[in-house]
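This report refers to the structure that appears directly beneath it.
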Amino acid sequence: MITETEDRLLIYIEDRARANIKGKSFSRMTEVLEHAFWLPEEKSYEILKNIMARKNIGNSKNDIINEYIDMLKKGYESIKEQVELFGGDKLSSIIYIVEKRLKKYEGGTFFDVLRDIYSISDEEIMELTEKYLEFLNSPAFIFRLEKETFHKFLRSNLDELDKQFNRFIKIE
34 MITETEDRLL
44 IYIEDRARAN
54 IKGKSFSRMT
64 EVLEHAFWLP
74 EEKSYEILKN
84 IMARKNIGNS
94 KNDIINEYID
104 MLKKGYESIK
114 EQVELFGGDK
124 LSSIIYIVEK
134 RLKKYEGGTF
144 FDVLRDIYSI
154 SDEEIMELTE
164 KYLEFLNSPA
174 FIFRLEKETF
184 HKFLRSNLDE
194 LDKQFNRFIK
204 IE
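By the count of this note's numbering, the sequence shown reaches residue 205 at its end, each step adding exactly one.
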């Protein structure tokens with residue numbers, strides 16, 4: 034049984050792994066693990082041996098990723114260590130900093146929040162706002178701009194998540 038935090042981290046690991054191999058082709062199956070999970074060749078070979086001993090997966094990149102995620106769920110490796118390989122739990126760090134800043138925030142426009150709370154420069158605001166609005170969907174013409182949906186947007190867009198994390202690293 035995994036905790037809610039571990040489940041959220043597994044989703045992050047899977048999203049990051051799939052993004053790492055998107056559009057790439059590999060000559061060896063161990064390369065999939067190396068590129069997807071940023072693992073050394075020796076470790077990738079060991080994991081692939083374990084996968085092959087458990088299941089016949091063929092040459093599918095997705096099957097290799099799915100099996101390694103399943104191994105992480107079952108405790109083969111540390112979920113936390115895998116997240117650390119990817120640079121840590123960026124979303125949780127962002128949410129923590131945002132919550133601290135929101136306690137001191139005295140109000141303003143949506144753009145003020147992006148500028149003051151999320152440290153987004155004026156040059157980046159319009160591009161980021163466009164991406165965020167494209168992310169939102171609604172059966173009616175009603176959209177709520179709120180931190181929860183903005184954080185879901187960051188979780189779904191790994192490039193923007195990395196940019197946001199880097200903005201906070203430069204400041205903190």
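Heads up, the beta-carbon is just placed ideally off N, CA and C, and yes, glycines get one too.
Please identify the residue among the options whose C-alpha is closest to the C-alpha of residue i.
i: residue 54; options: 63, 46, 42 and 68; result: 68
i: residue 60; options: 93, 105 and 140; result: 93
i: residue 193; options: 80, 38, 52 and 113; result: 52
i: residue 48; options: 34, 124 and 63; result: 124
i: residue 202; options: 187, 189, 165 and 151; result: 151
i: residue 115; options: 39, 35 and 198; result: 39
i: residue 14; options: 161, 100, 70 and 76; result: An answer regarding residue 14 cannot be provided, because it is not within the stretch 34 to 205 covered by the chain.
i: residue 70; options: 84, 89 and 98; result: 98
i: residue 56; options: 46, 79, 95 and 91; result: 95
i: residue 45; options: 180, 100, 198 and 112; result: 112
i: residue 107; options: 36, 180 and 50; result: 36
Locate the alpha helix (DSSP H) running through residue i, then write down its first and last residues.
i: residue 63; result: 62-70
i: residue 34; result: Neither: residue 34 is in no alpha helix (DSSP H) and is coded neither H nor E.
i: residue 77; result: 74-87
i: residue 165; result: 155-168
i: residue 144; result: 143-149
Measure how close the beta-carbons of residue i and residue j come, nearest whole angstrom, since I'm counting them as under 8 Å.
i: residue 43; j: residue 102; result: 6 Å
i: residue 147; j: residue 158; result: 5 Å
i: residue 153; j: residue 200; result: 7 Å
i: residue 58; j: residue 66; result: About 15 Å separates the two Cβ atoms, so there is no contact after all.
i: residue 165; j: residue 144; result: Not confirmed; about 12 Å, so no contact.
i: residue 138; j: residue 155; result: At roughly 18 Å, the Cβ-Cβ gap does not stay under 8 Å, so residue 138 and residue 155 are not in contact.
i: residue 168; j: residue 186; result: 4 Å
Tell me the DSSP secondary structure of residue i in three-state form.
i: residue 179; result: coil
i: residue 90; result: coil
i: residue 57; result: coil
i: residue 189; result: helix
Minimum length 4: unbroken alpha helix (DSSP H) runs contained in the segment 108-140:
If only complete runs of 4 or more residues are kept, the segment 108-140 shows the alpha helix (DSSP H) at 112-118 and 123-137, in order along the chain.
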